[in-house]
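*Asks:* Just so you know, we're using our numbering here: the sequence shown kicks off at 147 and counts up by one. By construction, the Cβ of each residue, glycine as well, lies at the ideal position given by its N, Cα and C atoms.
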Amino acid sequence: MIKTETVTEMALSYEGVVELPHFEKTSFRVNKKIFATLDKKNNTAVLKFSKLEQSVFSAYDKLAIYPVPGKWGLQGFTMVDLKRVKKNVFKDALKVSYCNVAPKKLSEKYQSAK
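1. At what residue ranges does the segment 208-243 contain a whole run of the alpha helix (DSSP H), taking only runs of 4 or more?
2. Taking all protein chains shown into account, decide if Gly216 is buried (16 or more other Cβ within 10 angstroms of its Cβ) or exposed.
3. Going by other Cβ atoms of all chains shown within 10 Å of its Cβ, with 16 needed for buried, is Gln200 buried or exposed?
4. Let's test the definition: count the other Cβ atoms within 10 Å of the Cβ of Lys178 and tell me whether it reaches 16, buried, or not, exposed.
5. Tell me where the alpha helix (DSSP H) around Phe203 begins and ends.
6. Under the three-state reduction of DSSP, which class applies to Lys194: helix, strand or coil?
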């Protein structure tokens, strides 16, 4: 299980990230674009992937990481159950989501980092 506080710390560790409300959730944005949302009440996060990345991360555990139902899921938005996902898998997934949304100059800093 990953605590919601840990998710917040991880998301804010990336350069240029701001935390803002998004309906009943918390969003993490870079360059005004959302790369993650956090639902503290339900212990879930939503990340933004390409379709290929979504299928790769979902293959890890379909109960822990799966497409958001409906059209959002078809666009790569992916639900993460923070009670089920392992921290190292979530850390990798969050980085991929950040790099998908961040400007190239910022994302390059993290794509080569391990």
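*Replies:* Taking the structure as given:
1. Whole alpha helix (DSSP H) segments, 4+ residues: 217-220.
2. Flag for Gly216 reads exposed.
3. Burial check for Gln200: the Cβ neighbour count within 10 Å reaches 16 or more, so the residue is buried.
4. By the Cβ neighbour-count rule, Lys178 is exposed, with fewer than 16 other Cβ atoms within 10 Å of its own.
5. In the DSSP assignment, Phe203 falls within the alpha helix (DSSP H) that extends over Lys197 to Tyr206.
6. Three-state DSSP puts Lys194 in a strand.
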